[in-house]
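Those sequence lines, one after another, are chains A and B. With the working numbering applied, the first sequence closes on residue 239, and no number is skipped along the way. With the working numbering applied, the second sequence closes on residue 140, and no number is skipped along the way. We treat Cβ as the ideally placed atom computed from N, Cα and C, and that holds for glycine. Just below is one structure, and these are the notes that go with it.
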Amino acid sequence: MSSTPPPHYAGLVTRTLAFALDAAIVNAVAIVVGATISLAASILHLPSAVRHVAIVLGGVALVLWTVGYFATFWATTGQTPADRLMRIRVRDGRADECVPLLRALVRFGGVVLCAIPLGAGFLPILTDARRRGLHDRLARTVVVHAAEEPGVRT
Amino acid sequence: MRLRVVSIGLRPAAVVLAEGRRVQRWALHSAADVTTASALAGLDAVLRSRFAEDAVERILDSPLLADAVAGLLEREALWTLVEEVAQSPVVVAALRKQSVGLGDELAGEVRERSRHADAWLERGARRVLRRRVEPT
Numbered sequence: 086m087s088s089t090p091p092p093h094y095a096g097l098v099t100r101t102l103a104f105a106l107d108a109a110i111v112n113a114v115a116i117v118v119g120a121t122i123s124l125a126a127s128i129l130h131l132p133s134a135v136r137h138v139a140i141v142l143g144g145v146a147l148v149l150w151t152v153g154y155f156a157t158f159w160a161t162t163g164q165t166p167a168d169r170l171m172r173i174r175v176r177d178g179r180a181d182e183c184v185p186l187l188r189a190l191v192r193f194g195g196v197v198l199c200a201i202p203l204g205a206g207f208l209p210i211l212t213d214a215r216r217r218g219l220h221d222r223l224a225r226t227v228v229v230h231a232a233e234e235p236g237v238r239t
Numbered sequence: 005m006r007l008r009v010v011s012i013g014l015r016p017a018a019v020v021l022a023e024g025r026r027v028q029r030w031a032l033h034s035a036a037d038v039t040t041a042s043a044l045a046g047l048d049a050v051l052r053s054r055f056a057e058d059a060v061e062r063i064l065d066s067p068l069l070a071d072a073v074a075g076l077l078e079r080e081a082l083w084t085l086v087e088e089v090a091q092s093p094v095v096v097a098a099l100r101k102q103s104v105g106l107g108d109e110l111a112g113e114v115r116e117r118s119r120h121a122d123a124w125l126e127r128g129a130r131r132v133l134r135r136r137v138e139p140t
């Protein structure tokens, strides 16, 4: 009988670096797109009401883009581009597979909740045996080192 | 030899002239060979001598070398050659490979350090909380 060794879970620093890099990507894309649209709109002389609606729509688009970026990558490959660089992967807590989109969305909501009390929701990563934060517990996910799967530990 | 001279003398003037030119070319080539061999032997002797370093330093310090390099850099052909070499598929592939390798190396270093930092931070947290955490 062969038993699969446990995976090597990613820690707080590695995950923070990956998240910061993802945030930079999300913001860079948002800034470039926003600046382009603003520049184009500046020559159209839109009425004030339309401009306000456009700003609200832009805000909604930013939220959708941010949520969509993380949720889509977590649900499809389990890796955002920065996760890929750091060689970590978000996966189901019980099985070696990606989480469905709904749970990826729950996880993103969990990330926001964790951040609200000055990031206190992420602190359990330091003490949990599987390095899970509050958002991981909510979505029943773990973050593992992708290059070392399955079960190769250094 | 006398018979050969006699036979040449009996040929038309054009043939004599051609033979004369051939001899002249042979004489020039022979002289050039001898001169080159002597110069190379002289160079070998200089390089073997205890003044070799002085000789090299003098050549390097001389304005002749600087002028030669400056003249070379002003030539259009040199830059065309450099451009050709720089754009060659082998050089481009080598540069790309080196860039990717450097990026990989940097990312690997960041990953390694972040893993150490993970472990260090968790040890600190454990100490603060005085709690045993299962190693992951």
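Contact between D221 of chain A and T165 of chain A fails: their C-beta atoms lie close to 15 Å from each other, not under 8 Å.
Not flagged as an interface residue toward chain A: S66 of chain B, since no C-beta distance is shorter than 8 Å. One Cα belongs to T39 of chain B, the other to V60 of chain B, and the distance between them is close to 22 Å. Between L125 of chain B and V98 of chain A, the C-beta gap is smaller than 8 Å, which places the two residues in contact. Exclusion of the five residues before and after P209 of chain A leaves R217, G218, L219, R222 as the residues of its chain whose Cβ lies within less than 8 Å of its Cβ. Looking at A:D177, A:S127, A:D181, A:A231, the one whose alpha-carbon comes closest to that of A189 of chain A is A:D177. The DSSP assignment places complete alpha helix (DSSP H) segments of no fewer than 4 residues inside the stretch 90-130 of chain A at 97-127, in order along the chain. Using a Cβ-Cβ cut-off of 8 Å, E126 of chain B counts as an interface residue toward chain A, since at least one Cβ of chain A sits closer than that to its own. With a contact defined as Cβ atoms closer than 8 Å, V111 of chain A and W159 of chain A miss out at about 14 Å.
In the structure shown, D213 of chain A adopts coil according to DSSP, grouped into three states. Judged by beta-carbon spacing, V229 of chain A lies within the 8 Å limit of I173 of chain A, meaning their Cβ atoms are closer than that value.
When A:V197, A:G144, A:T101 are compared, the shortest CA-CA separation from I122 of chain A is found for A:G144. Note that the C-beta distance between D168 of chain A and A103 of chain A is below 8 Å. Around R115 of chain B, the beta-carbon contacts reaching into chain A at under 8 Å are T99, M171, R172. Residue range 173-177 is occupied by the beta strand (DSSP E) that includes I173 of chain A.
Taking C-beta separations shorter than 6 Å and ignoring five residues to either side along the sequence, the partners of L147 of chain A in its chain run A115, following chain order. The bridge partners DSSP lists for V228 of chain A are A:V175. Identification of chain B residues near G96 of chain A by a Cβ-Cβ cut-off of 9 Å yields S118, R119, A121, D122, A123, L125, E126, T140, ordered along the chain.
DSSP places T40 of chain B in the helix class (H, G or I) of the three-state scheme.
Think of a sphere of 8 Å around the beta carbon of L44 of chain B: no beta carbon from chain A falls inside it, the nearest being about 59 Å out. Under the 8 Å criterion on CB atoms, L211 of chain A is classed as interfacial with respect to chain B. Taking 8 Å as the cut-off, the beta carbon of V152 of chain A is found no closer than this to the beta carbon of G163 of chain A. Nearest to T89 of chain A by C-alpha distance, out of A:R225, A:V118, A:R179, A:L124, is A:R179.
Non-local C-beta neighbours of V89 of chain B in its own chain, meaning closer than 7 Å and more than five positions away in sequence, comprise V95, ordered along the chain. Listed in chain order, the positions of the stretch 98-124 of chain A with a beta carbon within less than 8 Å of a beta carbon of chain B are V98, T99, L102. Judged by DSSP secondary structure, G206 of chain A falls outside any alpha helix (DSSP H); it is assigned neither H nor E. For the C-beta of L133 of chain B, the chain A residues within less than 9 Å are, from N- to C-terminus, L211, T212. DSSP places A180 of chain A in the coil class of the three-state scheme, outside both helix and strand.
Under the three-state reduction of DSSP output, P93 of chain B falls in the helix class.
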